[in-house]
Amino acid sequence: MYLNQFLLLAAFLFCVGVYGVLARKNAVLVLMSIELILNAVNINLVAFGLFRESVAGQVFALFVIAVAAAEVGVGLAVVILIYRNRHSIDLTEVDMMKG
Amino acid sequence: MLENAWVIPALPVLSFVLILFFGKRLPKHGHEIGVAAVALAFVLACVCAVQWVQRPANLEVKPGSEEHAAAPGSPAQANAVAALEEKAPPGSEGGHEGEGKGEKEGEAGEHEAEPIRKPVVKEVTWFDNGQTRVKAGTHVDGLAVTMMFVVTLISLLVHVFSTSYMHGDRRYTHYFAALSLFTAGMLVMVTANNTLQLLVGWELMGLCSFMLIGHWWEERNNSNAALKAFFTTRTGDVGLLIGIAILFFAAGQTFDIADINAAALGGEVSHGLVLAGAAALLCGVIGKSAQFPLHTWLPDAMAGPTPVSALIHAATMVVAGVYLVARLYGVFWSGFDIGGGGINPVALVGGITVLIAAALAFVQTDIKKVLAYSTVSQLGYMVMALGVGAWTAGVFHLVTHAFFKGLLFLGAGSVSHAVHSFDMKKDMGGLREHMPITFKTFVIGSLALAGVPPLAGFWSKDEILLGASSNGYPVFLVIGLLGAALTAAYMTRCVYLTFFGEYRGHGQPHESPPAITVPLVVLAALSVVAGFVNVPGGEWFAKWTENETVLSAGVAHHSFSPFVALFGSALGLLGIAAGYAYYWRNLGPHRLTQRSGAAGTGYRILENKYGLDRLYTDWVVGGIKGPIARGAYWFNQRVIDGVVNGVGIIARGLARFVYDTVDQKVVDGVVNGAGIGAEDGGRVLRLMQTGRVQQYALFLFGAVVVLGGTLVLFTTG
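Listed below in structure tokens is the structure:
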């Protein structure tokens, strides 16, 4: 068991998440990608906690999970409202804030 | 009451404030407050007087000027002896008995070491600058008690008189307020124990005099007269201020009058310093008491209401100067060497004033002006009395004069109340039948003034003449006798023109109401009996009033001289007889002024008041004001205008520069630049604002990568 295995996994997950956030047009998939990023972070936290023999990493991971749950709730609600108004959840079409 | 004498001046002050604030709303427009306050003050002054008389006389002061007559060159030494003896306890007086009495045994010796009443002093610290503690307080001695009594009495009568005389006046309330303040000023002055307090009272009276002379200021003449009185007395007041300053330092940094007197008499102060102080104070006296050559304001001051003339310009304020001499007698005594005989400035000023003012009284047609010049002349008598060393006589004359001159002025007021004029030649005459009370009282006042025995004026004038003859001042004896004859003659003229002959005015004159006649009767009674207070044999007045200063200076006392009395009253009667012959019997050189060139010239000189008014207004004032005005104009045009214009030009250039450079370029540039910058920045930045969330996320991650890369690069590399 080496720490770098966890870190590599987390880095991979993070990159997948970032790609999803930047590249996908579907808002739900973007939200799911954000979850991937957060979970990559969670892995890092728990791994470092174990490595340093500290419980703090796990505590932070729990907080991140709770915050992620709240974020997904809000995000899905926004997506649903967008869908109701435009009958589409394509993020490229949502550009009313264009300057 | 003697300890709490401050209540007496405080009452009129209170009355002044109350009248000023509430007078107009009261049913009688304020005179009830004034009359009540002054009446109460009078009662308290009477209580003071009674307590003073009953006070045990236990202070022994030894006269110390025996060597004066013998060796005038060394007054300081003699006074030093006096001061030493004064400080010694009363019990040890016996040891010194033999030293002092010398050559003048026959004259001065009969009053040796008679105990006097100790003055009642009460004082509080006024202010304290670390070195000098200036006290305010009351110094009540016989002189102060006498003055309080006289001032409150005359003031009360004048208040009562005014309620009728000033009835319906447009500034009735203010008139009574000023009258109250005036009374307060005089009382503050007479009870003062230090020269500063004295100055406060003195100036307060000057102010009230100004306000009351100019009471009817709508007429130009009246306000001019007020200004003249104020400025003329002010000229003298400069001297008073300087004198107070000199004496403050001469007496060892003290304003205390008793200390100043003691220091002046004590001889430890240099004679030159005392002389300078006395000379400066004399200037103040000349101004305030209308002595030659600053007497010109007093006749003009008759522009004020008649009761004011009675109160201020006859009975009380103008005697402030006399009081000042009497109060600071130690300074004058040793400064001018009054005990030495011959001629000294105080007596000289008084003597000149007696004669010139009496002469001027002959050519006046205005009844008040006759009385005004008579006042000036009588004030001259008082000053002369003090100057020749007859202290008691001077103060006594002050008191009796206050009674009969107050009476005469109020009588003149009563007459003018009836005929609405002051002109004796045009609007009076024959008032004897129409105004019996006024006539009788006026005649009593005139006789008292003329010095007819046994009325008040006789006794006091006789004492002055006696003092002049016995103290080695023969010149002033002659002046006094001449003045007595002149006084009697011009008063006869005045009485004739006013009350005898045919009535020359308009309408039907009638006797005045009781508010006017009662004060006349009271004053007439006093004019008759007041002289007996100091009648030879009793001499209670001298015993009551003479204070430590006077006795330690060694003012000589003289026994009654039938010769002087006879001569004095004979000359008075002669004056009356001459007047009687001239006016009633039509004898003597009538129309002399038209027939004789010399007499005409003399008459014109008198009519022009010796040209003094012209000298002051045209030469002195005119001479000063022309160059000063021109100088001020030049200064204004060249210097002040130059400065103002220069400042304007500089300011304009500076403003132009600031506008062109700073404002237009710098400030506006910054403001416009900010606007333009914001606009351009916005135009560029809006390209980034695509509205697409994922592009924003891309920027975000890109930035994170760049920052993270930089961090890694710098921390590891």
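Chains as they are written, first to last, in our numbering: chain A, 7 to 105; chain B, 21 to 737. For each residue, glycine too, the CB sits at the ideal point set by N, CA and C. Nothing here was measured: the structure is a model prediction, and the numbers come from that model.
**OP:** Have a look at L430/B, M206/B, F552/B, P456/B and flag the residue whose alpha-carbon is nearest the alpha-carbon of A535/B.
**Re:** When each option's Cα is compared against that of A535/B, the closest is L430/B.
Is it buried or exposed, H440/B, if we count other Cβ atoms within 10 angstroms and call 16 or more buried? By the neighbour-count definition (other C-beta atoms within 10 Å, threshold 16), H440/B is an exposed residue.
- Residues within the region 697-715 of chain B neighbouring chain A, beta-carbon criterion of under 7 angstroms: For the region 697-715 of chain B, which is checked against every Cβ of chain A, the residues closer than 7 angstroms are R706, Q709, T710, G711, R712, V713, Q714.
Would you please verify whether the beta carbon of F721/B is less than 7 angstroms from any beta carbon of chain A?
-> yes
- request: Under 7 angstroms Cβ to Cβ from T395/B, same chain only, skipping five residues before and after it: list those, please.
  value: L318, H333, A334, V338, K425
### Query
Alpha carbon to alpha carbon, what distance is there between N10/A and V78/A?
Each residue's Cα considered, the two are about 29 angstroms apart.
DSSP-derived helix/strand/coil call for K31/A
coil
Practice item. Write down the C-beta distance between G355/B and L285/B rounded to the nearest angstrom, noting that I regard them as a contact closer than 8 angstroms. Key: Not a contact, Cβ separation roughly 10 angstroms.
Identify, in the order they occur along the chain, each residue of the same chain with its Cβ nearer than 7 angstroms to the Cβ of V210/B, setting aside the five sequence neighbours on each side. A164, M167, M168, V171, Y343
(message) Using 7 angstroms as the threshold, is the C-beta distance between A57/B and L31/B below it?
(response) yes
Measuring straight from C-alpha to C-alpha, what distance separates I49/A and G81/A?
23 angstroms
Discussion item. Tell me the DSSP secondary structure of S85/B in three-state form.
Written reply: Low local confidence applies: a pLDDT of 46 at S85/B is under 50, so the model's placement there is unreliable, and no value is given.
Between L727/B and chain E, is any beta-carbon pair separated by less than 7 angstroms? Note that chain E does not occur in the displayed structure, where the protein chains are A and B.
Proximity test, Cβ basis, 7 angstroms: L97/A and chain B:
yes
**Report entry** G162/B to R75/B span [Cα, whole Å]
**Finding:** 11 angstroms
Is the beta carbon of V37/B closer than 7 angstroms to that of P539/B? No. Outside cutoff.
>> Rounded to whole angstroms, what is the Cα-Cα separation between A278/B and T569/B?
In response: 8 angstroms
- Anything in chain A within Cβ reach of L718/B, meaning under 7 angstroms, just list it in chain order. L28
- Query: Does DSSP classify A585/B as helix, strand or coil?
  - Reply: helix
- Item | Length of the line joining the Cα atoms of T730/B and A671/B | 58 angstroms
Inter-residue Cα distance where the pair is Y516/B and F269/B:
54 angstroms
- Item | Contact set between V52/A and chain B, taken where Cβ atoms lie within less than 8 angstroms | Within chain B, no residue comes near V52/A; the closest Cβ sits about 22 angstroms away, beyond 8 angstroms.
Review point. Would you call A438/B buried or exposed, if buried means 16 or more other Cβ atoms sit within 10 Å of its Cβ?
Key: buried
Note to self: Can you look up K142/B in the DSSP assignment and give me helix, strand or coil?
What the structure shows: In this structure, K142/B counts as strand in the three-state DSSP scheme.
Tell me which residues share the same chain as T183/B and place their Cβ nearer than 6 angstroms to its Cβ, disregarding the 5 neighbours each side in the sequence. H51, A535
*Length of the line joining the Cα atoms of S85/B and M444/B*: Bear in mind that a pLDDT of 46 at S85/B, under 50, signals an unreliable position, so the model cannot answer this.
Review point. Mind pulling the chain B residues with CB within less than 8 angstroms of M103/A?
Key: Q709, G711
For this session: Over the uninterrupted alpha helix (DSSP H) stretch that includes A742/B, give me the two end residues.
Result: Residue 742/B lies beyond the range of chain B shown here (21 to 737); nothing can be said about it.
As assigned by DSSP and simplified to three states, the class of N214/B: strand
Query raised in the report: Can you round the beta-carbon distance between G599/B and T512/B to whole angstroms, since I take them to be within the 8 angstroms contact cut?
Result: 3 angstroms
Under 7 angstroms between C-beta atoms of V383/B and E627/B: Yes.
Restricting to runs no shorter than 4 residues, where is the alpha helix (DSSP H) found entirely within the region 23-87 of chain A?
33-57
Hey, out of M103/A, Y25/A, A67/A, L44/A, whose CA is closest to F54/A's CA? A67/A
* To do: Spell out a yes or no on whether the region 466-484 of chain B and the region 406-422 of chain B are touching, meaning 3 or more CB-CB pairs, one atom from each, closer than 8 angstroms.
  => With a cut-off of 8 angstroms, the region 406-422 of chain B and the region 466-484 of chain B count as touching, because enough Cβ pairs lie within range.
| message | Let's see if you can read the secondary structure: which residues bound the alpha helix (DSSP H) around L418/B? | response | It spans 411-439 - the alpha helix (DSSP H) in which L418/B sits, taken as one unbroken run.
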